[in-house]
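These protein sequence lines map, in sequence, to chains U and C.
Mapping of the first sequence onto this note's numbering: residues 389 to 922, in sequence order.
Mapping of the second sequence onto this note's numbering: residues 583 to 830, in sequence order.
Contents: one structure, followed by commentary.
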Amino acid sequence: MSAESEKFNLSEWIFTTDHKRIGVMYLIGSIAAFGVAGIMAILIRIEQSSLGPTLADDALTAGQQYNEWLYFHGAAMILAFLIPGLTGFAANYFLPLMIGAADVAFPRINALSVWLFWCGIIVALLGFVIPDTPDIMWTGYPPYSILTGGNTAFYVFTVHLLGFASILGAVNFLVTVIYMRAPGMGWNQLNMFVWSTVTAFVIQLVFVPVLAAAVTMLLFDKYLGTHFFDPSAGGDVLLYQNLFWFYSHPAVYVILLPALGILYEVVATFSKNKIFNYKAGVYGGMWGVVLISGEVWVHHLYISGMPNWIRVGMMISTLLISLPVGLLAISLFGTLYKGAITFELPMKYAISCLFLFLIGGLTGIPLAITALDLHLSETSFIHAHFHYIMGIFATFSVFAAVYYWFPKMTGRMFNEKLGTIGFWLNFIGVNVTFLPLFKIGIDGMPRRYWNYEMFPQFETWHFVAMIGALLVAAGMLLTVSNWIISAFNGEPASDNPWKSKSLEWTHTVSPPGPGNFLKPVEVETDWTPYDYRK
Amino acid sequence: MKKMLATLTGIALVVSSAIVMASESSDTIKDPAEEWQHLWTEVLVDLYILGGIFGALAIYWLFKYRAKDPDAVGDGPNLSRAQVWAWAIVPCVLFLADDLYLGASGWSAWNVYRNVPENAMEVKVTGSMWNWEFEYEDGTTSTYDVDGDEGEKGDGLVVPVGTPVALRMTSTDVIHSFGLTKYRVKEDLMPGRVTYIWFYPKEEAKSWVTCTEFCGASHARMYAPVKAIPQAKFENWLAKRAKEEAEE
Numbered sequence: 389m390s391a392e393s394e395k396f397n398l399s400e401w402i403f404t405t406d407h408k409r410i411g412v413m414y415l416i417g418s419i420a421a422f423g424v425a426g427i428m429a430i431l432i433r434i435e436q437s438s439l440g441p442t443l444a445d446d447a448l449t450a451g452q453q454y455n456e457w458l459y460f461h462g463a464a465m466i467l468a469f470l471i472p473g474l475t476g477f478a479a480n481y482f483l484p485l486m487i488g489a490a491d492v493a494f495p496r497i498n499a500l501s502v503w504l505f506w507c508g509i510i511v512a513l514l515g516f517v518i519p520d521t522p523d524i525m526w527t528g529y530p531p532y533s534i535l536t537g538g539n540t541a542f543y544v545f546t547v548h549l550l551g552f553a554s555i556l557g558a559v560n561f562l563v564t565v566i567y568m569r570a571p572g573m574g575w576n577q578l579n580m581f582v583w584s585t586v587t588a589f590v591i592q593l594v595f596v597p598v599l600a601a602a603v604t605m606l607l608f609d610k611y612l613g614t615h616f617f618d619p620s621a622g623g624d625v626l627l628y629q630n631l632f633w634f635y636s637h638p639a640v641y642v643i644l645l646p647a648l649g650i651l652y653e654v655v656a657t658f659s660k661n662k663i664f665n666y667k668a669g670v671y672g673g674m675w676g677v678v679l680i681s682g683e684v685w686v687h688h689l690y691i692s693g694m695p696n697w698i699r700v701g702m703m704i705s706t707l708l709i710s711l712p713v714g715l716l717a718i719s720l721f722g723t724l725y726k727g728a729i730t731f732e733l734p735m736k737y738a739i740s741c742l743f744l745f746l747i748g749g750l751t752g753i754p755l756a757i758t759a760l761d762l763h764l765s766e767t768s769f770i771h772a773h774f775h776y777i778m779g780i781f782a783t784f785s786v787f788a789a790v791y792y793w794f795p796k797m798t799g800r801m802f803n804e805k806l807g808t809i810g811f812w813l814n815f816i817g818v819n820v821t822f823l824p825l826f827k828i829g830i831d832g833m834p835r836r837y838w839n840y841e842m843f844p845q846f847e848t849w850h851f852v853a854m855i856g857a858l859l860v861a862a863g864m865l866l867t868v869s870n871w872i873i874s875a876f877n878g879e880p881a882s883d884n885p886w887k888s889k890s891l892e893w894t895h896t897v898s899p900p901g902p903g904n905f906l907k908p909v910e911v912e913t914d915w916t917p918y919d920y921r922k
Numbered sequence: 583m584k585k586m587l588a589t590l591t592g593i594a595l596v597v598s599s600a601i602v603m604a605s606e607s608s609d610t611i612k613d614p615a616e617e618w619q620h621l622w623t624e625v626l627v628d629l630y631i632l633g634g635i636f637g638a639l640a641i642y643w644l645f646k647y648r649a650k651d652p653d654a655v656g657d658g659p660n661l662s663r664a665q666v667w668a669w670a671i672v673p674c675v676l677f678l679a680d681d682l683y684l685g686a687s688g689w690s691a692w693n694v695y696r697n698v699p700e701n702a703m704e705v706k707v708t709g710s711m712w713n714w715e716f717e718y719e720d721g722t723t724s725t726y727d728v729d730g731d732e733g734e735k736g737d738g739l740v741v742p743v744g745t746p747v748a749l750r751m752t753s754t755d756v757i758h759s760f761g762l763t764k765y766r767v768k769e770d771l772m773p774g775r776v777t778y779i780w781f782y783p784k785e786e787a788k789s790w791v792t793c794t795e796f797c798g799a800s801h802a803r804m805y806a807p808v809k810a811i812p813q814a815k816f817e818n819w820l821a822k823r824a825k826e827e828a829e830e
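Rendered as structure tokens:
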């Protein structure tokens with residue numbers, strides 16, 4: 389195995405149908421997008437760190453380039469890093485291993501997905517070198533996205549490509565889980581991560597087509613002269629927002645659920661413990677989220693002039709999200725109870741995620757309440773809220789995943805010391821960046837503002853936030869270079885260094901070869917991936 | 583018997599004072615900004631309690647259950663069927679109760695936000711890339727030029743102290759949003775639609791309205807002052823502004 393895998397052959401990677409290699413290609417693509425989006429984030433923080441134009445000579449240039457950075461940062465982070473990182477990389481590499489399958493149900497369709505994903509990444513990056521860079525935020529609200537001189541088409545095509553990749557992935561993985569589980573493996577014996585992927589893909593399958601329709605209508609309005617969103621010809625500007633958030637709110641659960649799934653795996657392994665109340669977590673928590681996810685989108689339109697009654701109705705449905713999310717939190721935190729906890733690097737990331745999850749989740753409660761949102765909406769408060777729950781929490785869970793499965797993927801150990809320094813820089817950095825934004829958000833700092841000359845009192849906190857961002861930048865460089873160096877030069881790892889009970893650790897070597905398992909996997913009726921007492 | 587009498591008296595007192603308070607509040611105007619502050623405090627308490635419980639438990643368990651030796655394994659409880667259901671239903675009922683409580687408080691604050699007092703002064707607000715125009719009931723307009731010379735920028739939105747101000751808003755091009763931090767209100771302006779909000783300036787103050795829906799290159803420079811001044815001064819200002827406009 390080792391002699392063969394050391395010979396690098398590019399076309400073998402490009403034309404591979406092996407889910408593990410496809411997973412790695414998703415990881416490389418999404419980390420690339422993450423890197424570029426991260427540079428945009430640093431530029432944004434530097435621009436805001438002082439009053440007046442910081443990285444430009446005049447106000448118009450400052451505003452235009454700032455908007456382009458914001459667009460790219462948001463679109464790349466959500467569409468090209470978080471969703472593909474969690475459902476592309478982690479699900480591709482580990483889901484078949486966890487259910488004891490040799491590959492996914494449709495390996496060639498899987499290859500098509502990753503090609504589409506890479507095309508999407510390339511189109512998104514090209515958007516940055518063309519003269520009319522898109523400047524429409526990741527939300528692309530009309531009429532601005534139609535009237536702008538920026539190239540809305542690049543945005544639409546990026547969404548199309550990544551959306552197709554996602555739909556194909558969804559069909560593939562749902563079929564894989566339904567038909568390719570190892571003999572003897574019942575539904576209540578699945579890893580939490582498998583369940584989280586299943587539920588996330590159900591959401592993708594139902595809602596992505598709505599987003600695809602919405603952005604296609606943008607394309608038609610801008611380039612073919614239709615009037616879906618043009619009120620002067622009988623269209624309606626709010627139609628787009630409703631369609632967009634009908635997908636894009638569920639999309640946050642496409643990110644949240646697999647991120648939680650990873651945390652369940654890491655927390656269970658490093659607590660050597662079973663999941664607390666598995667069934668409530670899966671059927672109440674994850675499926676509850678799926679059930680409610682499509683009935684809450686108007687909370688993104690609280691200030692959009694929707695009818696009063698629906699703004700109250702969706703306040704109630706939004707608050708009800710606390711039921712399934714509460715069940716998930718109880719079963720996740722409860723997994724620590726009576727565990728035998730050790731604090732290796734993946735667990736450090738997982739514990740920090742529990743903290744980020746609490747801050748991000750709880751600050752969502754005031755935003756669910758319509759009257760409070762009328763002030764908090766479109767301020768730094770909301771900006772900090774979704775960065776905690778969606779940006780940082782999910783990013784840290786991807787990092788936890790990479791570190792946790794690093795020995796499995798590479799057969800080598802990462803550098804714990806370097807990784808730990810990176811971890812603390814990241815963790816301290818994100819809090820230094822985003823806690824101040826809660827504060828100035830409550831005081832009224834509008835979001836998406838490079839210029840805040842009317843509120844000079846916020847300058848100090850913006851400066852602090854920039855320092856935090858620089859800490860994160862250093863931490864990220866350490867983290868990613870640790871992966872690259874250790875993948876080639878790390879200490880050799882055993883097949884199951886964390887002594888996990890999950891199939892990817894117990895039944896195969898590191899890294900697994902083609903076909904995954906040396907002999908077909910069968911599990912006992914009382915087997916579970918969390919049975920540490922046996 | 584005495585106890586019962588005391589209880590009944592107590593209930594009667596509470597009910598009657600509630601009635602008195604309710605009838606009082608019907609002829610005073612409720613201020614959305616005050617409702618906001620009140621609700622915000624309530625929600626913060628809720629957040630600190632929830633966060634405190636989960637956070638404290640996590641820290642305590644992480645400390646208490648750290649592995650004593652490298653081969654130690656966890657001893658998490660095996661839940662019976664009844665316990666599985668109890669650990670699902672009881673938390674759900676608690677969360678639901680909290681949700682409904684917050685929902686009810688949120689709804690009553692919402693009613694204050696959406697019911698414009700009858701004596702409100704109406705101002706028409708028009709947003710365009712990238713400036714604000716305010717039109718008063720007599721047709722007088724006011725605006726603000728961010729790039730103008732000092733003293734010639736214009737006055738922005740000027741309102742009298744003590745009168746609720748209702749804004750009837752629309753946009754000529756893309757979506758904008760009227761974000762008025764000081765009075766805790768915000769609502770979008772859209773082409774082809776009319777939206778409204780109101781606020782209650784109770785004392786002299788200067789604040790800023792900022793555009794809070796992304797609208798292009800100068801989005802962050804689409805702002806104007808909002809000045810609340812005494813009624814008499816306001817009337818003078820409006821008359822002066824009307825005269826200026828007639829001359830223009």
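We put the beta carbon where it would ideally sit given N, CA and C, even for glycine.
None of these values were measured; they are calculated from a predicted model.
What residue range is occupied by the uninterrupted alpha helix (DSSP H) comprising residue i?
i, result
"GLY622/U", "Premise fails: GLY622/U is in no alpha helix (DSSP H) and is neither H nor E."
"ASN884/U", "Note, ASN884/U: premise wrong, no alpha helix (DSSP H); not H, not E."
"PRO795/U", "781-798"
"GLU435/U", "407-436"
"VAL909/U", "Note, VAL909/U: premise wrong, no alpha helix (DSSP H); not H, not E."
"TYR765/C", "Run containing TYR765/C: none; DSSP gives neither H nor E here."
"ASN397/U", "Run containing ASN397/U: none; DSSP gives neither H nor E here."
Measure from the C-beta of residue i to each C-beta in chain U and report whether the shortest distance is under 9 Å.
i, result
"ASP680/C", "yes"
"ILE779/C", "yes"
"LYS768/C", "yes"
"SER662/C", "no"
"GLU617/C", "yes"
Using a Cβ-Cβ cut-off of 9 Å, state whether residue i counts as contacting chain C.
i, result
"ARG836/U", "yes"
"ASN579/U", "no"
"THR767/U", "yes"
Specify the secondary structure class of residue i as computed by DSSP and reduced to three states.
i, result
"HIS895/U", "coil"
"SER608/C", "Summary for SER608/C: the model assigns pLDDT 48, below 50, so the residue's position carries little reliability; its value from the coordinates is reported in the next sentence. Here SER608/C sits in helix by DSSP."
"PRO676/U", "Note that residue 676/U corresponds to Gly in the displayed sequence, not to Pro. Of the three classes helix, strand and coil, the one that applies to GLY676/U here is helix, per DSSP."
"THR839/U", "Per the sequence shown, the amino acid found at residue 839/U is Asn instead of Thr. ASN839/U: coil per DSSP, three-state reduction."
"ILE509/U", "helix"
"LYS706/C", "strand"
"SER724/C", "strand"
"THR767/U", "strand"
"ILE729/U", "strand"
"PRO902/U", "coil"
"PHE516/U", "coil"
"GLY730/C", "coil"
Which residues mark the beginning and the end of the beta strand (DSSP E) in which residue i is found?
i, result
"MET751/C", "747-753"
"VAL808/C", "805-811"
"LEU739/C", "739-742"
"LYS788/C", "787-793"
"ILE641/C", "Segment 614-646 is the alpha helix (DSSP H) holding ILE641/C; no beta strand (DSSP E) there."
"TRP714/C", "713-717"
"ILE779/C", "777-781"
What residues are listed by DSSP as bridge partners for residue i?
i, result
"ASP770/C", "SER759/C"
"PRO834/U", "THR767/U"
When you check each C-beta in the region 522-535 of chain U against every C-beta of chain C, which residues fall closer than 7 Å?
MET525, TYR529, PRO531, TYR532, LEU535
If contact means a Cβ-Cβ distance below 8 Å, which residues of the region 711-741 of chain C contact chain U?
none
Using a Cβ-Cβ cut-off of less than 7 Å, list which residues of the region 449-471 of chain U approach chain C; keep chain order.
GLY451, GLN452, ASN455
Listed from N- to C-terminal order along the chain, which residues in the region 665-677 of chain C have their beta-carbon within a distance smaller than 7 Å of any beta-carbon of chain U?
VAL666, TRP669, ALA670, PRO673, CYS674, PHE677
For the region 663-681 of chain U, which residues have a CB atom closer than 7 Å to at least one CB atom of chain C, in sequence order?
PHE664, ASN665, LYS667, ALA668, GLY672
Residues from the region 681-715 of chain U in contact with chain C, defined by Cβ distance under 8 Å:
ILE691, SER692, GLY693, ASN696, ARG699, VAL700, MET703, ILE704, LEU707, LEU708, SER710, LEU711, GLY714, LEU715
Output, in sequence order along the chain, the residues in the region 729-763 of chain U whose CB is closer than 7 Å to any CB in chain C.
ILE729, THR730, ILE739, LEU742, LEU746, LEU750, ILE753, PRO754, ILE757, THR758, ALA759, LEU760, LEU762, HIS763
What residues from the region 741-753 of chain C come within 7 Å of chain U, judged by C-beta to C-beta, listed N to C?
none
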